[in-house]
Structure formats: structure tokens, C-alpha cells
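First the structure, in the form of C-alpha cells, and then the observations on it.
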Amino acid sequence: AQTVTQSQPEMSVQEAETVTLSCTYDTSESDYYLFWYKQPPSRQMILVIRQEAYKQQNATENRFSVNFQKAAKSFSLKISDSQLGDAAMYFCAYIYAGNMLTFGGGTRLMVKP
Amino acid sequence: EAQVTQNPRYLITVTGKKLTVTCSQNMNHEYMSWYRQDPGLGLRQIYYSMNVEVTDKGDVPEGYKVSRKEKRNFPLILESPSPNQTSLYFCASSFRGPTPSNYGYTFGSGTRLTVV
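Those sequence lines, one after another, are chains S and Z. In terms of our numbering, the first sequence opens at residue 713 and continues consecutively. In terms of our numbering, the second sequence opens at residue 140 and continues consecutively.
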């Protein structure tokens, strides 16, 4: 079974600084998708960024980028120029060919003004 | 507006009193799913449905039932709720494409359930 691990239950960052959230996963598949979701206090699940395993290029979305290391099964999220609105729970997730979306335990990010 | 609608947002109930949490999507998605979210455990899948009349168990199905009589609706039923089912519940839907590139999940706003 696939597992997703987020080893940092909580992280904090100073406003305007950069922070990296870690995620590792375990799978025997070669073609899959990885995601980072943001959950603000409103509880809404918001897709931040998506990475296709067959693509070597790391995905980027404005201030959000990933470092995808397929051999190491690592998928970290980098947030640049952190803003107060980035404070939230962040979940790493994995999916393969129609199977269920498997989530990590989450990392709570606090942004200090 | 494309969305997944869950109701209610908050629910407090007593042990053993049957309840239903509704979920409806307006995007003609084939795939629908229920998750529960607990601190430190992330979101875990309860049940999912690939299409009408097709449902299957996820990781934590015990104590729950679902049905998929129509494409747009996927209610979650707790026949006899217990305190260990106190949690935050999410419904999600997506197209079920031939490749993972179609797997864009849309989540509902969540239902905070407390069983006393």
C-alpha cells in the first residue's frame, strides 16, 4: 500500500522569508501524481500544486515550487516570500491510476509578521 | 458555479442516533469519495464510488455506509454513531479519466461531526 509521510507537524516562517515543507512517499509504481493541498482555517481544501511523476521538471505556481526527487521518493514544497495568508495546514498527497488519493498527516505552517 | 455541496457543516449528535451527511456535485463527475480528517493522520478515505450503483470500501469503512443512486449525490450514513467517529468529514469528486491528468479533485467544505 502507498504511504505518504510528512515529518514536520509544525513549521514557522518569518513573513517574506522562504520555507520548505517535506514529504516522502512509498510506492512501487512509476507513473503517478503528487499534490500539495492547503487547508486554511476555513477548512476548504485548496490545490496548491501538482507534479506528474513522468516529468523531470519541477512544477512551479507563482511563489510555490516543488523539489521532486523520484529516486528518493521525496516531494518537498517551497514557499517563497511567505505571506500571512500562507498560514494553514498543508497536506502532501499521492494518487495512482484511479486509486484513492492518499494523504500525509499534514504540516501546520505559521507565518510570523 | 462548479462545486461540491456538503450538509450540514456542523453536527452534534448522541451515540446510536442514525444520521446522514449529504454530498452533491454539479460537475457530472463519475468519481465521488468520502474522507475523514483527524489530527496527525491527515485525510483517510472511508468509501468511494466510481459511478452510479458502484461503491467500494476505502481505508476506514467500519461504521459507515454509502449509496450512489444518482450520479450527483453520494450520502454518508452513520447507522449507529459512536464517539470515535467524531471527526471532520470531506466529500470529494472528480472525473475518472484514463490517465491521472484528469484527477482534479474538488472538495466540499467539510462537516464537523461530534458524537457525545
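Every residue, glycine too, gets a C-beta built ideally from N, C-alpha and C.
Of all residues in the segment 770–784 of chain S, none has a C-beta nearer than 8 Å to a C-beta of chain Z. The distance from the Cβ of L215(Z) to that of V153(Z) is about 18 Å, inconsistent with a contact at the 8 Å cut-off. Within the segment 155–202 of chain Z, the beta strand (DSSP E) runs of at least 3 residues that lie entirely inside it are, in chain order, 158–164, 170–177, 181–190 and 193–196.
Annotation: the continuous beta strand (DSSP E) that includes D738(S) extends over T736 to D738.
By the beta-carbon neighbour count (other beta carbons within 10 angstroms, threshold 16), Y766(S) is exposed. Relative to the Cα of A771(S), the nearest Cα in the group Q756(S), T819(S), P753(S) and L746(S) belongs to L746(S).
In terms of CA proximity to N190(Z), F213(Z) leads the group F213(Z), D198(Z), G249(Z) and Y203(Z). For V725(S), the enclosing beta strand (DSSP E) stretches over residues E722 to Q726. Cβ proximity to chain S below 7 Å picks out G179, L180, G181, L182, Q184 and Y187 from the segment 177–195 of chain Z. Within chain S, no residue has its beta carbon less than 8 Å from that of S226(Z); the closest one is some 12 Å off.
Per DSSP, the beta bridge partners of L227(Z) are Q176(Z) and R251(Z). At the C-beta level, V823(S) and D793(S) stay beyond 8 Å of one another. For the C-beta of F213(Z), not a single chain S residue is nearer than 9 Å; the gap to the nearest is close to 14 Å. With a contact defined as Cβ atoms closer than 8 Å, Q718(S) and S742(S) miss out at about 23 Å. Taking all protein chains shown into account, A800(S) has 16 or more neighbouring C-beta atoms within 10 Å of its C-beta and is therefore buried.
Take the alpha-carbon of G202(Z) and the one of L789(S): they are about 35 Å apart. Taking a 10 Å sphere around the C-beta of Q164(Z), we find 16 or more other C-beta atoms and assign the residue as buried.
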